[in-house]
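Residue numbers (my numbering): 150 to 452. The structure under discussion appears below in the form of structure tokens.
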């Protein structure tokens, strides 16, 4: 069998295992292998895909000839065609990867995320973030949905962008809650600037700012190095029961139903992330409420 026929059958996958092994150990294949190896370093910055496509189309659809393009190609041209396909695929792969870098998807599964400057983000249950890694050295912007604790390394301006407002820092530690109708920023070290559509506030350590159902509030917190939820406990300072139960749902993946309960009454206290029964008692007892658990559904009612 001539080498040309073997190459043709090898390209189309028609060789038997024995024939393929014999051919791949031959001198002819060694030359092909060198060409394939060159693909790894092949670059074609000046290749005009459109004009080459037009030229090939003219050959393919030439009405005066009935010979197919494949049958006219020599083995060397067939391998060149493989190289062209490899270059085109490489181009589109690069474009796809580049788009993924420029348009980051939400990161929600990880509990800890180290940013390109080694700043640390700890995500609470149900939270997610996204940022542009490629442009990070120019603008340290990160979008947040949910709650997260930030330990920011010193450097250029660092912005946490949420649907309620933007938190701006240079290097500090702070926590941001960004839930529906509930926005809260707590500063643990350094200083942060909180900018909303209606206000601009500077927070120093042990200070907190929040917007509950459209109402702005500022208050002080205990001197702590980080929020309690990082250590497995959710704590609240005069927060409506509605938001407390929503946090319980996120932490335990349960559904709560309130039966004739004032969801606007304020709760100050905390609950554990490690035991649902203890957590429910921590919430209901101070408010004189009762609860009933039915699989993953919890009914809260007045005593």
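C-beta atoms are modelled at their ideal positions from N, C-alpha and C, and glycine is treated no differently.
**Asked** Using DSSP with H/G/I as helix, E/B as strand and the rest coil, what is residue 428?
**Response** helix
**Message:** Starting from residue 397, trace the alpha helix (DSSP H) in both directions and tell me its first and last residue.
**Reply:** 390-401
**Closest Cα partner of residue 416 within the set 432, 396, 337, 262** = 432
**Prompt:** Would you report the Cα separation of residue 360 and residue 444, rounded to the nearest angstrom?
**Reply:** 34 angstroms
**Message:** Tell me the residue span of the beta strand (DSSP E) that contains residue 324.
**Reply:** Residue range 322-328 is occupied by the beta strand (DSSP E) that includes residue 324.
**Prompt:** What span of residues does the beta strand (DSSP E) with residue 344 cover, start to end?
**Reply:** Per DSSP, the continuous beta strand (DSSP E) segment holding residue 344 begins and ends at 341-345.
**Item:** Sequence-distant residues of its chain with Cβ nearer than 6 angstroms to residue 291 (five each side left out)
**Value:** Correct list, in chain order: 278, 280, 309.
**Prompt:** Which residue from 164, 335, 383, 398 puts its Cα closest to that of residue 442?
**Reply:** 398
**Local Cβ density within 10 Å of residue 255, reported as buried at 16 or more and exposed below that** = exposed
**Prompt:** Taking the alpha carbon of residue 362 as the point to measure from, which residue in 391, 370, 331 has its own alpha carbon closest?
**Reply:** Residue 331 is the option with its Cα nearest to residue 362.
**Prompt:** With burial defined as no fewer than 16 other Cβ atoms inside 10 Å of the residue's Cβ, what is the status of residue 423: buried or exposed?
**Reply:** Around the CB of residue 423, fewer than 16 other CB atoms lie within 10 Å, so the residue is classed as exposed.
**Asked** Closest by CA to residue 266, which one among 274, 283, 272, 351?
**Response** Of the candidates 274, 283, 272, 351, the residue whose Cα lies closest to the Cα of residue 266 is 283.
**Asked** Taking the Cβ atom as the reference point for each residue, do residue 293 and residue 323 lie within a distance shorter than 9 angstroms?
**Response** no
**Asked** Can you give the Cα-Cα distance for residue 358 and residue 263, rounded to whole angstroms?
**Response** 26 angstroms
**Request:** Using 10 angstroms around the beta-carbon of residue 400, count the other beta-carbons present and answer buried if the total reaches 16, otherwise exposed.
**Result:** buried
**Asked** Sorted by chain position, which residues of the same chain lie with C-beta nearer than 7 angstroms to residue 448's C-beta, five sequence neighbours on each side aside?
**Response** 406, 408, 440, 441
**Message:** Taking the straight line between their C-alpha atoms, what separation do you get for residue 272 and residue 412?
**Reply:** 26 angstroms
**Request:** Within the same chain, show all residues whose beta-carbon is closer than 7 angstroms to that of residue 303, passing over the 5 residues directly before and after it, in chain order.
**Result:** 319, 320
**Item:** Residue nearest to residue 389 in terms of C-alpha spacing, selected from 419, 374, 369
**Value:** Looking only at 419, 374, 369, the smallest Cα-Cα distance to residue 389 is reached by 419.
**Message:** For residue 300, which residues in the same chain have their Cβ closer than 6 angstroms to its Cβ, ignoring the five residues on either side in sequence?
**Reply:** 269, 322
**Prompt:** Of the residues 356, 341, 276, which one's Cα is nearest the Cα of residue 297?
**Reply:** 276
**Item:** Rounded straight-line distance, which links the Cα of residue 435 to that of residue 315
**Value:** Cα to Cα, residue 315 sits roughly 35 angstroms from residue 435.
**Request:** Whole angstroms is fine: what's the gap from residue 374's alpha carbon to residue 343's?
**Result:** 20 angstroms
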